[in-house]
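Have a look at the structure below before the remarks.
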């Protein structure tokens, strides 16, 4: 139940999840290399890993990771202490900046699905009134339940196409 309530908090939940992902990736490279900070190669591989997770776990289109040149520029912008390497806080800020567009697209797709599907459900329920046998069954189902079932069907179809 706590996880459901966390998700309803929106931005805080998303920030927490992004931070968990960045900490996991940062710790992976820190443990592998033994260094306290990440160099360009580590950061770029980390960006690729984050985008791989985004494409596997989030609904919506495939997101291409940024080019090496754009990551190099972002590293320079986020390297606060100008040592040429990225520490944990700088890495978290960089990943948040890079993935912002992907989360906007996913959020818009989910909103569209959750608004359009119930509207379509209402229209199809009305349209089934004249269909023999099916119309009577559909009319007996409460509107809220019918809309929820159709919304769930739309979400499942979207996930199946990915």
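Residue numbers (the UniProt record's numbering): 1 to 162.
Glycine included, each C-beta is placed from N, C-alpha and C at the ideal position.
Check	Outcome
Residue burial classification, residue 134 (beta-carbon count within 10 angstroms, cutoff 16)	exposed
Segment limits, alpha helix (DSSP H) that includes residue 71	68-78
Distance CB(residue 147)-CB(residue 121) smaller than 8 Å	yes
Sheet register partners of residue 86 (DSSP bridge)	38
Assigned secondary structure, residue 141 (DSSP; H/G/I helix, E/B strand, else coil)	coil
Under the three-state DSSP convention, the category residue 43 falls into	helix
DSSP state of residue 152 mapped onto helix, strand, coil	helix
Close beta carbons around residue 85, own chain, < 7 Å, minus the five adjacent residues each side	37, 38 and 39
Cβ pair residue 50, residue 128 closer than 8 Å	no
Cβ-Cβ distance between residue 71 and residue 44 below 8 Å	yes
Residue 56 to residue 17 span [Cα, whole Å]	15 Å
Status (buried if at least 16 other CB within 10 Å, exposed otherwise) for residue 78	buried
Span separating the alpha-carbon of residue 156 from that of residue 80	44 Å
Where residue 141 falls, given that 16 or more other Cβ within 10 Å makes a residue buried	exposed
Three-way DSSP call (helix, strand, coil) for residue 64 in this model	coil
As assigned by DSSP and simplified to three states, the class of residue 2	Note that residue 2 scores a pLDDT of 43, beneath 50, so its modelled location is shaky; the value from the coordinates is reported in the next line. Reduced to three states, the DSSP call for residue 2 is helix.
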